[in-house]
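Taken in sequence, the protein lines are chains A and B.
Counting from 1, one number per residue, gives the positions in the first sequence under the UniProt record's numbering.
Counting from 1, one number per residue, gives the positions in the second sequence under the UniProt record's numbering.
Number of protein chains: 2
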Amino acid sequence: MAEPTRPDLAAMIVPLGRSLMAAEQPILAAHDLTMWEYVVLTALSTEPVRTQAALADAVGADKTRIIPVLDGLQRRGLLTREPDPADRRVRLLALTPQGRRLRDTTRTAIQRNEERVLRLLPAADRRVLLRALRTLADLPRDTFLPET
Amino acid sequence: MAEPTRPDLAAMIVPLGRSLMAAEQPILAAHDLTMWEYVVLTALSTEPVRTQAALADAVGADKTRIIPVLDGLQRRGLLTREPDPADRRVRLLALTPQGRRLRDTTRTAIQRNEERVLRLLPAADRRVLLRALRTLADLPRDTFLPET
DNA sequence: GCACATCGTAAGCACATGCATATCAATGAA
DNA sequence: TTCATTGATATGCATGTGCTTACGATGTGC
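Here you go:
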């Protein structure tokens, strides 16, 4: 039984994710956003989803738990919910200009902090890392599940 | 305000971590281990820690919540706890041969599955990704916190 | 028209987590 | 010697999460 040559991928990524989330927290607080609020603001501009349930699925949230998040964002004028004329069950979500601005300023602050950390890596490694992460992050979730 | 050229690092890493944890779950179950049990088994062979509290900190666990995990592992003969003669408050932890074997077979299965996913990346990217992740994962947690 | 599915919404339950508190035993410093 | 600190342990509380159930409104297919 040979010694493994690397740590588990999960063992590196999961704690790293925790550290990054912890790092985001003060930035989000300074922008008066919770994590899920920010996730929704970000997803609404990058994911072409039609239904709230699809949005929840896309961002890994629970569709029932996301309702109060959407309520809050709507109440603050950061997003709108309009019935879809093609299917009156559906509420179409859209960012307001205010929502877009808040998303952008928050994202800028978050990414600035991330760049500070990423600069600890060589530039070429940085580019590859981001490219590879993007590829992995875009994989369907069940890609990772073990085969039976 | 220019469009960002990349997703947030956290926005890629955190869901990826979730997917990897979900993928691990059936493998751990097949080896009769919980996630924290496996984390402890793995950490005991790679982290030179003396106290249980230090182990908990090293693996991002709560020192009080880790006690029942250690109890269970000890009861199953996977690890031993002996008083440290140099400081009788401390319980020195060590894997048994059985614990080492279980850790190894589990890790092999987990990494085999991870390799299957990693092979979706070009080989050179794979190497850089793992190297970069290792670097980032080894950073002290407060490296990531924003500067005041 | 009817049975079934879907969407949004609310709420319940079990469990995990982060943090705090408390206790006992042991250690180290003043 | 006294007191503060440390290590292990147990437990409580608040919060978050995953999943489930249920409901009303709407849509689809037969």
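Backbone N, C-alpha and C define an ideal beta-carbon position, used for all residues, glycine too.
Please list the terminal residues of the continuous alpha helix (DSSP H) segment that includes residue i.
i      : result
T46/B  : 35 to 46
D71/A  : 66 to 75
E24/B  : 9 to 30
L133/A : 123 to 137
L55/B  : 52 to 58
Would the beta-carbon of residue i fall within 7 angstroms of that of residue j?
i     : j      : result
P15/B : G60/A  : yes
S19/A : R65/B  : no
G17/A : G99/B  : no
L9/B  : E114/A : yes
A43/A : A58/A  : yes
Do you know how far the Cα of residue j is from the Cα of residue i?
i      : j      : result
Q25/B  : M35/B  : 7 angstroms
R119/B : I27/B  : 19 angstroms
R116/B : A11/B  : 23 angstroms
P68/A  : A30/A  : 21 angstroms
L102/B : M21/B  : 19 angstroms
R127/B : D62/B  : 33 angstroms
R50/A  : T143/A : 24 angstroms
T96/B  : V40/B  : 13 angstroms
P4/B   : Q74/A  : 25 angstroms
A137/A : L133/B : 14 angstroms
A56/A  : I13/A  : 22 angstroms
R131/A : R6/B   : 9 angstroms
L139/B : P85/A  : 51 angstroms
T80/A  : T80/B  : 58 angstroms
D87/A  : P48/A  : 17 angstroms
Could you give the first and the last residue of the continuous beta strand (DSSP E) run that contains residue i?
i     : result
V90/B : 87 to 95
T80/B : 79 to 84
Could you tell me which of the options sits nearest to residue i, measuring between CA atoms?
i      : options                        : result
A124/B : L129/A, I13/A, A54/A, L70/A    : L129/A
E37/B  : R76/B, P4/B, A54/B             : R76/B
L145/B : P146/A, A109/A, L145/A         : A109/A
P122/A : T135/B, Q111/B, T106/B, E114/B : T135/B
L78/A  : L139/A, L93/A, Q52/A, A86/A    : L93/A
R91/B  : D104/B, L70/B, Q111/B, P7/B    : L70/B
A53/A  : T46/A, T80/A, R89/A            : R89/A
E147/B : R112/A, D32/A, D84/A           : R112/A
R107/B : D87/B, R6/B, D32/B             : D32/B
D104/B : S45/B, P85/B, D87/B            : S45/B
Could you check if residue i belongs to the surroundings of the ligand NAD, using beta carbon to heavy atom distance under 6 angstroms?
i     : result
R18/A : What this structure holds is no ligand at all, so the ligand NAD is not there to describe.
Using a Cβ-Cβ cut-off of less than 7 angstroms, list which residues of the region 39 to 55 of chain B approach chain A; keep chain order. T42
Can you give me, in chain order, the residues of the region 103 to 115 of chain B that have a beta carbon less than 7 angstroms from any beta carbon in chain A? D104, R107, I110, Q111, N113, E114
In chain order, what residues of the region 69 to 80 of chain A put their CB closer than 7 angstroms to some CB of chain B? none
Give, in chain order, every residue of the region 82 to 104 of chain B whose Cβ lies closer than 7 angstroms to some Cβ of chain A. D104
Check each residue of the region 17 to 34 of chain B: if its Cβ is closer than 8 angstroms to any Cβ of chain A, include it; give the result in chain order. G17, R18, S19, L20, M21, A22, A23, E24, P26, I27
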